[in-house]
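Structure first, then comments.
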Amino acid sequence: MKPPLFDYASPETIADAVSALSSNPGAMVLAGGQSLVPAMNFRLASPSVLVDLQRIPGLDTISIDDGVIRVGAMVRHRDLELDDAVNAVHPLIREVMAHVAHVPIRNRGTVVGSLCHADAAAEMPLLLVLTDGAVKAVGPKGERIIAARDLFQFHMTTTRDADEIVTEAHFPVPGTGAGLAFDEFARRHGDYAIAAIGALIEKNGDGTVSRAALAACGIGDRPTRLAASEAALTGTRLDDADLEAAVRAARDEITAPDDMHATNAYRKHLTGALIKRVVAAAAARAK
Ligand SMILES: Cc1cc2nc3c(=O)[nH]c(=O)nc-3n(C[C@H](O)[C@H](O)[C@H](O)COP(=O)(O)OP(=O)(O)OC[C@H]3O[C@@H](n4cnc5c(N)ncnc54)[C@H](O)[C@@H]3O)c2cc1C
Numbered sequence: 000m001k002p003p004l005f006d007y008a009s010p011e012t013i014a015d016a017v018s019a020l021s022s023n024p025g026a027m028v029l030a031g032g033q034s035l036v037p038a039m040n041f042r043l044a045s046p047s048v049l050v051d052l053q054r055i056p057g058l059d060t061i062s063i064d065d066g067v068i069r070v071g072a073m074v075r076h077r078d079l080e081l082d083d084a085v086n087a088v089h090p091l092i093r094e095v096m097a098h099v100a101h102v103p104i105r106n107r108g109t110v111v112g113s114l115c116h117a118d119a120a121a122e123m124p125l126l127l128v129l130t131d132g133a134v135k136a137v138g139p140k141g142e143r144i145i146a147a148r149d150l151f152q153f154h155m156t157t158t159r160d161a162d163e164i165v166t167e168a169h170f171p172v173p174g175t176g177a178g179l180a181f182d183e184f185a186r187r188h189g190d191y192a193i194a195a196i197g198a199l200i201e202k203n204g205d206g207t208v209s210r211a212a213l214a215a216c217g218i219g220d221r222p223t224r225l226a227a228s229e230a231a232l233t234g235t236r237l238d239d240a241d242l243e244a245a246v247r248a249a250r251d252e253i254t255a256p257d258d259m260h261a262t263n264a265y266r267k268h269l270t271g272a273l274i275k276r277v278v279a280a281a282a283a284r285a286k
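Pasting the structure below:
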């Protein structure tokens with residue numbers, strides 16, 4: 000299929016890009032095009048104008064300041080994946096990225112584009128939610144920070160206004176001593192997850208869990224923190240019974256209905272298996 004007719008804008012400043020969005024109802028941002036262009040070809044998206052961010056300088060930088068990894072809007076997945084400074088302080092990013100599509104798609108697709116696309120089964124939104132990250136959005140009324148917990152509304156929908164551009168994603172650097180792990184089940188490598196779990200575990204000196212963060216994707220209409228499972232693990236030594244309690248506590252969060260990929264019951268099963276595996280891996284990495 001070919002896309003429907005659209006106009007094209009290639010601004011050189013954020014202000015001009017915001018102006019192109021706010022003055023053209025139905026205009027959409029184009030970043031790497033790896034999700035938007037297929038959607039247009041399938042006639043699932045019909046933007047009046049594509050506002051291409053490619054020529055705006057300064058959007059392709061990665062920096063680490065004050066314990067936060069700042070990822071510009073035009074940083075490709077692959078740039079973040081291969082950044083050794085990022086890997087030194089947050090190795091889970093590289094591990095998670097290996098599950099995002101395939102190298103040619105990661106060469107073009109952007110990290111921020113993935114967050115804005117907000118597929119409920121996508122890995123980078125899960126990572127942002129797991130680590131309490133945020134994005135910076137710029138619109139006609141100025142700029143604002145949107146916390147990950149407030150960003151994802153439901154499948155492919157965020158709280159970003161239509162005339163706002165997300166200029167940066169902020170991934171907090173995990174504390175020293177924190178152990179992080181991630182795993183997913185997908186039918187083929189590179190597909191979106193049928194279910195995925197990320198975990199962050201911090202321990203007290205006596206080996207009990209001082210902090211547990213668990214996030215999931217693929218199991219509902221957005222990436223979700225598993226608060227009841229986190230509570231079930233906190234203060235424990237992660238014995239088998241503690242892990243079973245965390246699995247039981249997660250069941251209510253698995254709201255995805257039966258679909259062509261999996262039944263709700265199968266997602267419940269997968270989520271339980273992944274929680275046990277990922278929490279054990281994160282705990283083994285916690286110092
Ligand atoms: C075959 C295939 C397999 C894939 N598998 C996976 C997978 O397993 N996991 C996964 O997470 N992703 C997967 N993807 C998606 C891929 O990661 C995309 O690159 C990513 O989701 C979108 O990034 P993009 O830069 O290409 O965004 P685009 O396609 O350019 O944009 C996507 C959406 O976000 C909006 N947008 C983009 N940037 C901004 C911004 N800065 N401000 C405001 N709005 C913005 C656009 O308007 C559009 O609505 C797959 C894609 C393909 C084609």
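In this note's numbering, the protein residues as written are 0 to 286.
We put the CB at the ideal spot given by N, CA and C, even for glycine.
What you are looking at is a predicted structure, and each value in this text was computed from that prediction instead of being measured.
Any heavy atom of ligand 1 within a distance shorter than 7 Å of the CB on residue i?
{"i": "V111", "result": "yes"}
{"i": "A8", "result": "no"}
{"i": "V48", "result": "no"}
{"i": "Q152", "result": "no"}
{"i": "A283", "result": "no"}
{"i": "R107", "result": "yes"}
{"i": "H116", "result": "yes"}
{"i": "H76", "result": "yes"}
{"i": "R159", "result": "yes"}
{"i": "Y265", "result": "no"}
{"i": "D190", "result": "yes"}
Who are residue i's beta bridge partners in DSSP?
{"i": "C216", "result": "A195"}
{"i": "H288", "result": "With the chain covering 0 to 286 only, the question about residue 288 has no answer from this structure."}
{"i": "T223", "result": "A215"}
{"i": "Y265", "result": "Answer by DSSP bridge pairing: none, since Y265 is not bridged."}
{"i": "D59", "result": "Answer by DSSP bridge pairing: none, since D59 is not bridged."}
Taking the straight line between their C-alpha atoms, what separation do you get for residue i and residue j?
{"i": "D131", "j": "F41", "result": "34 Å"}
{"i": "T158", "j": "A136", "result": "10 Å"}
{"i": "E163", "j": "I68", "result": "21 Å"}
{"i": "R210", "j": "G197", "result": "14 Å"}
{"i": "R107", "j": "T207", "result": "43 Å"}
{"i": "H188", "j": "G217", "result": "15 Å"}
{"i": "A8", "j": "L49", "result": "6 Å"}
Any idea what DSSP makes of residue i, helix, strand or coil?
{"i": "H116", "result": "helix"}
{"i": "T109", "result": "strand"}
{"i": "P139", "result": "coil"}
{"i": "D64", "result": "strand"}
Check the C-beta distance from residue i over to residue j and give it rounded, since I have them as a contact under 8 Å.
{"i": "I63", "j": "A84", "result": "6 Å"}
{"i": "R266", "j": "A249", "result": "About 11 Å; that fails the 8 Å criterion."}
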